[in-house]
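Here the structure comes first, spelled out in structure tokens, and everything after it is commentary.
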Amino acid sequence: MSHRKLIETYYIDINNLADLLFKLVNSYRTLIGGADELNKIALSKRKDVKKALKRADELGEVIDAIIEALEKVSYSYLDYCSIKSEIIKGKMDSQHIHCEIDDELKFEK
């Protein structure tokens, strides 16, 4: 596997974790809201509310684990992006970029 392909799949993995985190957080909010609604119902039993909160708590632990994983893996990807940025800066001609920006600004007027 080429280095570029490796980084692309690494990025896809990070993106998938972030997407999963987003979905789980929405589910967590729904579970908490459901437990709150259940608590407001006069005929609901206390044990049912406790079960609903326990489910939300278990999902919260999964969310915490995903956050920890994202924190661990994102540093490597950020390092890759920083290194890539430095290489691009070293190879770019800043005068050429300034000319392009000036041309764009003149075109907009």
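If you number the sequence shown the way our numbering does, the last residue is 200 and the count never jumps.
Virtual Cβ for every residue (Gly too), placed ideally from N, Cα, C.
CB contact flag (residue i, residue j, <8 Å)
{"i": "Y119", "j": "L169", "result": "no"}
{"i": "L161", "j": "L108", "result": "yes"}
{"i": "I154", "j": "L112", "result": "yes"}
{"i": "S176", "j": "I105", "result": "no"}
Buried or exposed (CB count within 10 angstroms, at least 16 for buried), residue i
{"i": "A126", "result": "buried"}
{"i": "A143", "result": "buried"}
{"i": "L122", "result": "buried"}
Reference residue i, options the options, closest by Cα
{"i": "E99", "options": "I158, K182, G181, Y171", "result": "Y171"}
{"i": "D110", "options": "K96, D148, I157", "result": "I157"}
Proximity test, Cβ basis, 8 Å: residue i and chain B
{"i": "D148", "result": "Structure shown: chain B not included; a single protein chain is present."}
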